[in-house]
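Q: Take this structure, written in structure tokens, and hold onto it; I'll ask about it next.
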Amino acid sequence: MDWGFFAGTAIAGLLAGLMYALVAIGFVLIYKTSGVLNFAQGAMVLFAALTFVSLHEAGLAFWLAFLITLAAMIVLGILVEAFILRPLVNQPPITLFMATLGLSYVVEGTAQLMWGTQVHALDLGIKDTPLPIPDILVSRFDLFCASVASTLVVVLTLLFRYTRLGLAFRAAAEDQYAALNTGLRLPVIWAAVWAVAGFVALVTGLLWGARTGVQFSLSLVVLKSFPVLVLGGFDSIPGAIVGGLLIGLTETLAEVYIGPYVGGGIDEWIAYAVALVFLLIRPTGLFGQRSVERA
Amino acid sequence: MSIVRFLALAGLATALAGSLTPSSAKAQNSVPQQQYFPLQSYRVGPYAAGGTGFFGGFIDYMTLINARDGGVNGVKLTWDECETQYIVERGVECYERMKNHVPPPSAWNPLSVGIAYAMIPGITADKVPLITIDHGRTDSTDGAVFPYVFPLLMNPYSESSAIINFIATRVGGPDKLVGKSIVVLYHGSPYGKETIPIYQLLSKKFGFKLEQIEVPDPGTEQESQWLQIRRIHPDYVVLRGWGVMNPVALKTAQDTGFPADHIIGNVWSNSEEDARPAGDAAKGYIALTTQATGTQYTVIRQIVKIVYGAGRGDMADKSRIGSVYYNLGVVNGILNVEAVRIAQAKFGDHTLTGPEMQWGFEHLDLDPGRVAQLGATGLFHSIDVTCADHEGHGFVTFQQWNGSSWHRISDWIAPDWALLRPIIVASANKYAAENGITPRDCSKPQFAAN
């Protein structure tokens, strides 16, 4: 056994997992506060990245393009709340899910209509080369992504735990009627959380876009996050990180050590297989909240 | 309502409907002669960048022929677009919608392996050619079994052979391939897997070590595959990718320290959209192509001057004129138009039927002299399609990415057709047996295929 190679493979898997977690966090935010599985998260990632890169290529400075895109994502969040969530309040979860499914197509179409269909390169100024460690492969860019994802988790956890906004988010998540009775304005909370999800989509879009190029396929990165959500729990931000790490590790080790014996190409479905088994054992995921109902 | 009144109304309605239907003989007579091309294009969705380039080039060339020459010998070229988003079901729906057009379709050009596969039974029954330039079923090269399918210029097996021939030139000759190590990194799809047996055959013939590694679709994460490549430490990696898989492969190769100039991309990994998103990681990357890039060719310059000069160009972004997909579209346009011209020489200068177009494609012989007359010297080499060979002995060339554009680094290279032919014939005959097809005898003169 080449332990150096094994360690390198494991580290690469963990770092890849953090990239999946980044996408999963966007889902968790919306689900945690409104119980909606936002299928449009991938489209939001695409929209944000495409808007940013188009503005940047048009000559705007990095931070100006970032701020304008962030503003656009906040407006998008407000529009989603006003025109989709509010009219569908009290509807069954499947209705809300279908609404976000429709929204994803609208956002994807709008993004391509506004910014075209071309593939764009995105350079964040981080060298995508391996660190000079013998036998172990650690990409500088992946380390940067991991640090961004970790920072995001810490910031969001602090936001949820220690701020009034976070308290409002948690109250809305716990019981919407009770939150309304205490004077919380649910439309404002939902708009705020969609705006935060828009910010996460922007960060995700920039990091994934720098790796894959900013193109339509960015909207498909959501597929990587579903097993992560099942493992970590749909309503836990730390769960998204742990789930991401486990899925990244599992699929990389499986592909490298089992793949060659079964024809390869197993890393895509092995993550879903693990998630399926986990779903049977622990349906709420590792960190998901178990719902308790009185008889 | 009395029965007489009902019949009178029904008769009136039928007469009205008849007069309004464009397919009526009267309407057809009043329309000038035209050759109609249904285009199953994809301008939105994940593969829109390729679709807009290819169909843009194809349409621009047809517009040039209409504007410069008044059509092909007076017969105007016409077309409709139907959006597929590269989705097979939508492509088939477009086919069903457009197949009954009047005048009938001249040829189908879906630029999609999946859509093309799904259409083969239908177009064969309709007797309308299906053009799969640079792609499609390899065994459809055998026109005896696939009379209406034309994988023009290059099929996947020829592509694989040409890539190995090119690598041979890099290592000092075919005999130097012995003991070398080559990894084929392929897209996890029927398209990606199609060349697995041919690389095995080439490995046996030339004596190089071969590993073939799959990347599941869409290929946004390839750490595990490139870790395996790092462990294998190959001399070359053949990238048989598609879409987002290509830039991610180049980026991850850089991550693992694999040199870009030892990665050889296939025909669907050879565009600006494949290399540019990878940034510096793509510098030095080499890819195969059947048509060169750039705007220096006479035909492209004429498109710019005549078509875009009149404000009738199809490309919203003019900077993409001369790109890989655009030039492939132009070459595809040349091949379609020349098939019309060749068929007209036999059947007359009028709207041609599907079987007549099939004859035109099956006699598509453009030697370098004719290519020069068409203003395409250097854009592509030549083609010589026959009943037995629907690929037409296309030559390929190799280009290298310098960070902003492609530059040719090889002469026109021929695949090992003699090696490939028996495998193609065997596969085609198997298909014929499974589908109850009696192969044509290509040694006899052909008119309408069966």
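Chains as they are written, first to last, in my numbering: chain E, 76 to 370; chain D, 106 to 555. The beta carbon of each residue, even a glycine, is placed where N, CA and C say it ideally should be.
#1: Could you round the C-beta distance between Y431/D and G161/D to whole angstroms and report it? I think they count as a contact, below 8 Å.
#2: Identify the contact partners of G384/D in chain E, using a Cβ-Cβ distance below 9 Å as the criterion.
#3: Could you tell me which residues DSSP puts in a beta bridge with R260/E?
#4: Helix, strand or coil, according to DSSP, for I211/E in the structure here?
#5: Alpha carbon to alpha carbon, how far is A212/D from N441/D? Give it in angstroms, no decimals.
#6: Taking three-plus beta-carbon pairs below 8 Å as touching, is the segment 264 to 278 of chain E in contact with the segment 94 to 110 of chain E?
#7: Among G277/D, A493/D and L484/D, which has the Cα closest to the Cα of P544/D?
#8: Please classify I318/D: does DSSP put it in a helix, a strand, or coil?
#9: Compare the C-alpha of P137/D against each of H455/D, G497/D, R526/D and I192/D and name the closest.
#10: Suppose the cutoff is 8 Å on Cβ atoms and the five residues either side in sequence are ignored; what does the same chain contact list for L90/E look like?
#11: Mind reading off the beta-carbon distance from I220/D to G196/D? Whole number of angstroms is fine, and I expect it under 8 Å.
#12: Quick one: what does DSSP say R345/D is sitting in, helix, strand or coil?
#13: Looking at C-alpha atoms only, which residue of A533/D, G459/D, R526/D and A421/D is the closest neighbour of R148/D?
#14: Any Cβ of chain E within less than 8 Å of the Cβ of K356/D?
#15: Considering only residues of the same chain and omitting the five flanking positions on each side of N260/D, which have a CB-CB separation below 6 Å?
#16: Leaving aside the five residues before and after Q333/D along the sequence, list all residues of the same chain whose C-beta is less than 7 Å from its C-beta, in chain order.
#17: Anything in chain D within Cβ reach of I83/E, meaning under 9 Å, just list it in chain order.
#18: Please classify S129/D: does DSSP put it in a helix, a strand, or coil?
#19: Would you mind working out which of F466/D, E467/D, I269/D and S487/D sits nearest G474/D, comparing C-alpha positions?
#20: Tell me the rounded alpha-carbon separation between T229/D and V268/E.
#21: Which residues in the same chain have their Cβ closer than 7 Å to the Cβ of A130/D, if we skip the five residues on either side of it in sequence?
#22: Taking the alpha-carbon positions, what's the G288/E to P382/D distance?
#23: To which residues does DSSP link L182/D through a beta bridge?
#24: Report yes or no: is there a C-beta of chain D within less than 8 Å of the C-beta of S214/E?
#25: Would you mind telling me which residues of chain D sit closer than 9 Å to D310/E, beta carbon to beta carbon, in chain order?
#26: Output, in sequence order along the chain, the residues in the segment 119 to 138 of chain E whose CB is closer than 7 Å to any CB in chain D.
#27: Would the beta-carbon of V490/D fall within 8 Å of that of F466/D?
#28: Could you spell out where the alpha helix (DSSP H) holding F503/D opens and where it closes?
#29: Please list, in chain order, the residues of the segment 339 to 370 of chain E that have any C-beta partner in chain D closer than 7 Å.
#30: Can you check whether the CB of T357/D is closer than 8 Å to the CB of Q327/D?
#31: Cβ atoms of P143/D and P208/D: under 8 Å apart, would you say?
#32: Provide the residue span of the alpha helix (DSSP H) that contains H512/D, from first to last.
#33: State the start and end residues of the unbroken alpha helix (DSSP H) segment that holds H367/D.
#34: Using the C-alpha atoms, what's the distance from L306/E back to K281/D?
#35: Taking only three categories from DSSP, how would you classify D489/D?
#36: Quick one: residues in its chain with C-beta nearer than 7 Å to the C-beta of E156/E, no 5 flanking neighbours on either side, listed in chain order?
A: Let me spell this out:
#1: 6 Å
#2: In chain order: A196, L197, D198, D203, A285 and G288.
#3: Answer is none; R260/E lacks a bridge partner.
#4: coil
#5: Straight through space, the alpha carbons of A212/D and N441/D are spaced by roughly 8 Å.
#6: yes
#7: A493/D
#8: The three-state reading of DSSP puts I318/D in strand, counting E and B together.
#9: Cα-wise, what sits closest to P137/D is H455/D.
#10: Closer than 8 Å at Cβ, skipping near neighbours: V213, S214, D217, L218, C220, A221 and G323.
#11: So it is a contact: roughly 3 Å between Cβ atoms.
#12: strand
#13: A421/D
#14: yes
#15: T243, T246 and E496
#16: I318
#17: The residue you asked about is not Ile; residue 83/E is Gly in the sequence shown. The contact set of G83/E on chain D, defined by CB atoms closer than 9 Å, consists of L332 and R335 in chain order.
#18: Only weak support exists for where S129/D lies, its pLDDT of 36 falling under 50; the value from the coordinates is given anyway. Residue state, collapsed to three classes: coil.
#19: When only C-alpha atoms are compared, the closest one is S487/D.
#20: 55 Å
#21: Per-residue confidence for A130/D stands at a pLDDT of 38, beneath the threshold of 50, marking its modelled position as unreliable; the derived number appears in the next sentence. Cβ neighbours of A130/D beyond the five flanking positions: none.
#22: 4 Å
#23: Q140/D
#24: yes
#25: Per Cβ cutoff of 9 Å: no residues; D310/E is ~25 Å from chain D at best.
#26: none
#27: yes
#28: Careful: F503/D lies outside any alpha helix (DSSP H), inside the beta strand (DSSP E) at T502 to W506.
#29: G339, G340, D342 and E343
#30: A distance below 8 Å separates the beta carbons of Q327/D and T357/D.
#31: Going by C-beta atoms, P208/D is not nearer than 8 Å to P143/D.
#32: Here H512/D belongs to no alpha helix (DSSP H); instead the beta strand (DSSP E) covers W511 to R513.
#33: Where H367/D is concerned, there is no enclosing alpha helix (DSSP H), given that its DSSP letter is neither H nor E.
#34: Rounded to the nearest whole angstrom, the CA to CA distance from K281/D to L306/E is 51 Å.
#35: strand
#36: Same-chain partners within the cutoff: P262, W265, A266 and W269.
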